[in-house]
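Colleague: Here this note's numbering is used: the first residue of the sequence shown is -11, the next is one more, and so on.
Just so you know, even glycine gets a beta-carbon here, dropped at the ideal spot from N, CA and C.
Please see the structure below; I have some questions.
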Amino acid sequence: MRVAVVGAGPSGLVTLKYLVTAHKFLGCKPIEARLFESEGQIGGTFVARVYEDAELVSSKQLTTFSDWRPRDDDPDFLSAERYVEYLNDYCTHFDLWKHINLSTKVVSVSRQAGGGHTVVYQKEGSNSSWECDAIAVCSGLHVVPNIPEIPGVEKVPVTFHSSQFKKRADFGVDKTVVVLGSGETGADLAYLAVTSPTKQVVLCHRKGFHFAPKRNPTPVILPILGRKPKPRKTLPVPVDSSRASLFDTAYVHPWLRKSNLLWTYYNWYVRAILWTTTGTTHGLDQWVGGITPGLEDSDKTTVFFNKSNKAGPYVSAPYRPKTKSLLETFRSAIIAIPPVDTHGRQIDLAPWPTHVDSSGVIHFRDNGREEYARMKDSRIKPDILVFATGYKQVFPFLDASSSYPTASDANVRSVWHRSDPTVSFIGFLRPSLGAIPPLSEMQAQLWVTHLVAPHLIPRPLVPDDEPHYRLLHPPESRVQYGVDHETYAYQLALDLDAAPGILEVLGVGLQMGGRSIYRLPLTWALGANFNAKFRLRGPWRWDGAGRVMTEELWQTVARRGWFFGHFSLSALPMMIFGPISLLFWIYATLYELFFGAVEPPKVKTKMVNGVNGVHQD
């Protein structure tokens, strides 16, 4: 079999690796795979669209692939430069370079009359073609800029998309900078602008956002006694590695899985922690710009966390209460996260602009919120306007006459269309509180297995197993491909029969011996759904998975705080949802025994947003 891979970002590289190693795991013949990349180096958006001080918002523990781990001295959050180095090392370790064609643009992909596909590619000005049996489209979400129409924007002296931004010096000196878009990139750029010698920085949003911590919070207890934050020997655990999987995704009854009780708990937990530690529920020390009222509590909408929260203190600076209420005085005397000192600098939050007038002054729509009331009489004349407005999904190389699906058409786990499994789309989703690369690894495992060894997939991949991991968005939202990282990863593991049970984990731990006897089951139960967990069994079983779990990932679990980690995110939800799942199992068993057909109980729940974070414009 011959397979073409389009794109050398993380998704393309991990797909290539599973293709060329499939014969070692699946009992199939070796696959001939070629990867085509238009740029002169691998890395995708982490090379082509990065800027000064760029840092991953997902942790190294979650982001890196299951069988090629980060260095011990790597920080929890890798710089973009270090992550690209990691990807290069990955290619070297798995001998992928001989399959990679750099500076090679895919011009077109078309269907052959008798089946298969023809890839026409261009290298050094000349076109060539390659025939193959399957295509993996891994060209990425962040390629073609999305530029919304703003009437009169041509009156602004300098406008550009965030993909063109490289360094603070691009903002110049004493300039008024307007950033459109309150997602992670928009927040990053607003922070870089306000910490540069700019005159004014304005951040525009559509429907609000939710600043979230990258690490579990570590508030000061009893600051009224003069206690201050203390230097820690070990940093708090990244938030994306903090969610225990036992009774959250593992051993969850299908009725509970399809309800929203888990999300309701995490929503209330997030709100409670935010208010308790900072006095506001909009976000981490976020006093303005919360999710639009009504949208936040909608049973049809889920939004994303924004973990690029360095801009948060500057956005909140003009809105943080100058005088405290009695309740706030009491709360902040008991527990608090001290606000960051912005040294008098601030980011002015504004609604989305309606237009730029003939004199170059920008005007904002009336969203009925406090930021509009504060900004409506301001005369903002931007010198620089940055579109941090995301990207479009386009596939210009797919031949229109060949009736190819696109990523939005992929209706089997968002990877391929049910009518044509020879065309896959790897990495075209957006996880809440997670990362794309590890999900791409799981997608690649599932697709390659289905492609060459479908008998190893134990059950049909039915659509009924998909709604529980999908994030729901309003129809007008640009992003319609959100998933919950933990539940999506676990579903793919179930599809591959790669999700180990407690008895199997205990058995592996006993075989490993020593401290692994307790470390492996505890990491399995209390750890997030790291991909190494799903290499303990299944078609892609790897002997090194247990070592990764009991050494590197054990350290991540062990360094969690007790109350804000082990209790609130592990013990408490287990004590709540373990018994609920057990009751559902008992109810379903007895009902089927006596009546022959199982009817799920009426569970009155609604989709909530606290656990899933912030909308990106």
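Tell me whether Asp336 sits in a helix, a strand or coil according to DSSP, three-state version.
Modeller: Here residue 336 refers to the residue found at position 348 of the sequence shown. DSSP places Asp336 in strand when its eight states are reduced to three.
Colleague: Whole angstroms are fine: how far does the CA of Arg22 sit from the CA of Ala10?
Modeller: Here the question's residue 10 lines up with position 22 in the sequence shown. Here the question's residue 22 lines up with position 34 in the sequence shown. So the alpha carbons of these two residues sit roughly 14 Å apart.
Colleague: Looking only at its chain, what residues have a beta carbon closer than 7 Å to the beta carbon of Pro219, apart from the 5 residues adjacent to it on each side?
Modeller: The residue you call residue 219 lines up with position 231 of the sequence shown. The answer is none, since no qualifying residue turns up.
Colleague: Under 8 Å between C-beta atoms, does Thr206 make it to chain D?
Modeller: This model lacks chain D altogether; it includes just one protein chain.
Colleague: Go to His11, then tell me how far its alpha helix (DSSP H) extends in each direction, as first and last residue.
Modeller: Sequence index remark: in the sequence shown, residue 11 carries index 23 (1-based). Run containing His11: 10 to 14, per the alpha helix (DSSP H) assignment.
Colleague: Out of Pro451, Ala576, Gly495, Phe413, which has the shortest C-alpha to C-alpha gap to Gly(-5)?
Modeller: The sequence position of residue -5 within the sequence shown is 7, counting from 1. When only C-alpha atoms are compared, the closest one is Phe413.
Colleague: So for Asp228, helix, strand or coil by DSSP?
Modeller: As a working mapping, residue 228 is identified with position 240 in the sequence shown. In this structure, Asp228 counts as helix in the three-state DSSP scheme.
Colleague: Out of Leu223, Asn76, Cys79, Arg231, which one is the CA nearest neighbour of His473?
Modeller: Translated into positions along the sequence shown, residue 473 becomes position 485. Of the listed residues, the one whose Cα sits closest to His473 is Arg231.
Colleague: Given Gln29, which residues of its chain have a CB within under 7 Å of its CB, disregarding the five upstream and five downstream residues?
Modeller: Your numbering for residue 29 matches position 41 in the sequence shown. Result list for Gln29: Val35, Leu90, in chain order.
Colleague: Hey, out of Phe292, Gly277, Lys295, whose CA is closest to Arg308's CA?
Modeller: For this step, residue 308 is matched to residue 320 along the sequence shown. Residue Gly277 is the option with its Cα nearest to Arg308.
Colleague: According to DSSP, what are the bridge partners of Gln110?
Modeller: On the sequence shown, residue 110 is found 122 positions in, with the first residue counted as 1. In the DSSP output, where bridge partners are listed per residue, Gln110 has Lys93, Asn115.
Colleague: What are the residues that DSSP puts in a beta bridge with Leu417?
Modeller: Taking the first residue of the sequence shown as 1, we reach residue 417 at position 429. None, per the DSSP bridge assignment.
Colleague: Mapping the DSSP letters down to three states, classify Ile568 as helix, strand or coil.
Modeller: To locate residue 568, count along the sequence shown from 1; it is residue 580. Residue state, collapsed to three classes: helix.
Colleague: At the level of alpha carbons, what is the spacing between Leu234 and Asp64?
Modeller: Start at 1 with the first residue of the sequence shown, and residue 234 comes out as number 246. Start at 1 with the first residue of the sequence shown, and residue 64 comes out as number 76. Going by the C-alpha atoms only, they are around 24 Å apart.
Colleague: Along the alpha helix (DSSP H) that carries Glu454, what are the first and last residues, could you check?
Modeller: Here residue 454 corresponds to residue number 466 of the sequence shown, with the count starting at 1. No alpha helix (DSSP H) contains Glu454, which DSSP labels as neither H nor E.
Colleague: Thinking C-beta only, is Ser296 closer than 8 Å to Ala175?
Modeller: The residue labelled residue 175 in the question sits at position 187 within the sequence shown. The residue labelled residue 296 in the question sits at position 308 within the sequence shown. For Ala175 and Ser296, yes; Cβs fall inside 8 Å.
Colleague: Taking its Cβ as the centre, do 16 or more other Cβ atoms sit within 10 Å of Phe551, making it buried, or is it exposed?
Modeller: Working through the sequence shown from its first residue, we reach residue 551 at position 563. So Phe551 counts as exposed.
Colleague: Thinking C-alpha only, which one of Lys111, Leu250, Pro207, Gly214 is nearest His266?
Modeller: Taking the sequence shown and counting its residues from 1, one reaches residue 266 at position 278. The amino acid occupying residue 266 in the given sequence is Thr; His does not appear at that position. Nearest option by C-alpha distance: Pro207.
Colleague: Do Thr342 and Arg357 have their beta-carbon atoms positioned less than 8 Å apart in this structure?
Modeller: By one-based count along the sequence shown, residue 357 stands at place 369. By one-based count along the sequence shown, residue 342 stands at place 354. Cβ atoms of Arg357 and Thr342: not closer than 8 Å.
Colleague: Just tell me which of Asn76, Phe53, Glu119, Gly102 has its CA closest to the CA of Val94.
Modeller: For the purposes of this step, residue 94 is taken as residue 106 along the sequence shown, with counting starting at 1. Cα-wise, what sits closest to Val94 is Glu119.
Colleague: Is the stretch 362 to 372 close to the stretch 135 to 151, with three or more CB pairs under 8 Å?
Modeller: Contact holds: three or more Cβ-Cβ distances are below 8 Å.
Colleague: Ends of the alpha helix (DSSP H) at Cys79?
Modeller: Here residue 79 refers to the residue found at position 91 of the sequence shown. Where Cys79 is concerned, the enclosing alpha helix (DSSP H) stretches over 68 to 81.
Colleague: Pick helix, strand or coil for Asp64, following the three-state DSSP scheme.
Modeller: By 1-based counting over the sequence shown, the position of residue 64 is 76. Correct three-state label for Asp64: coil.
Colleague: For a quick check, are the C-beta atoms of Gly(-3) and Thr52 less than 8 Å apart?
Modeller: On the sequence shown, position 9 is the one that residue -3 refers to. On the sequence shown, position 64 is the one that residue 52 refers to. No; because the gap between Cβ atoms is not below 8 Å, this pair is not in contact.
Colleague: Comparing C-alpha positions only, which one of Thr330, Pro409, Pro242 sits nearest to Val440?
Modeller: Mapped onto the sequence shown, residue 440 falls at position 452. Ranking Thr330, Pro409, Pro242 by Cα distance to Val440 puts Pro409 first.
Colleague: Using 8 Å for Cβ pairs, my map puts Val97 next to Phe385. What's the rounded Cβ distance?
Modeller: Along the sequence shown, read from residue 1 onward, the residue named residue 97 stands at position 109. Along the sequence shown, read from residue 1 onward, the residue named residue 385 stands at position 397. With a Cβ gap of about 5 Å, Val97 and Phe385 count as contacting.
Colleague: Could you please give the first and the last residue of the uninterrupted alpha helix (DSSP H) stretch that includes Arg249?
Modeller: For the purposes of this step, residue 249 is taken as the residue at position 261 of the sequence shown. Per the sequence presented here, residue 249 reads as Leu, with Arg not at that position. Note, Leu249: alpha helix (DSSP H), 249 to 266.
Colleague: Should Val141 and Val349 be called a contact, given that it needs their Cβ atoms to be closer than 8 Å?
Modeller: Taking the first residue of the sequence shown as 1, we reach residue 141 at position 153. Taking the first residue of the sequence shown as 1, we reach residue 349 at position 361. No.
Colleague: Give the DSSP-derived three-state secondary structure of Ile424 in the structure shown.
Modeller: One-based indexing of the sequence shown puts residue 424 at position 436. Ile424 falls in the helix class under three-state DSSP.
Colleague: Along the chain, where does the beta strand (DSSP E) that runs through Thr183 open and close?
Modeller: Walking along the sequence shown from the start, residue 183 turns up at place 195. Premise fails: Thr183 is in no beta strand (DSSP E) and is neither H nor E.
Colleague: So what's Ala388 in DSSP terms, helix, strand or just coil?
Modeller: On the sequence shown, residue 388 is found 400 positions in, with the first residue counted as 1. If DSSP states are grouped into helix, strand and coil, Ala388 belongs with the helices.
Colleague: Ends of the beta strand (DSSP E) at Val470?
Modeller: Counting from one through the sequence shown, the residue named residue 470 turns up at place 482. Residue 470 is actually Gly in this sequence, not Val. Element bounds for Gly470: 470 to 472.
Colleague: Quick one: is the Cβ of Arg548 within less than 7 Å of any heavy atom of the ligand GDP?
Modeller: Summarising the ligand content, the structure contains no ligands, and the ligand GDP is consequently not present.
Colleague: Should Ile574 be labelled buried (16 or more other beta-carbon atoms within 10 Å of its own) or exposed?
Modeller: Numbered from 1 along the sequence shown, position 586 holds the residue referred to as residue 574. Exposed.
Colleague: Identify, in the order they occur along the chain, each residue of the same chain with its Cβ nearer than 6 Å to the Cβ of Glu20, setting aside the five sequence neighbours on each side.
Modeller: Residue numbering aside, residue 20 sits at position 32 when the sequence shown is read from its first letter. Result list for Glu20: Arg(-10), in chain order.
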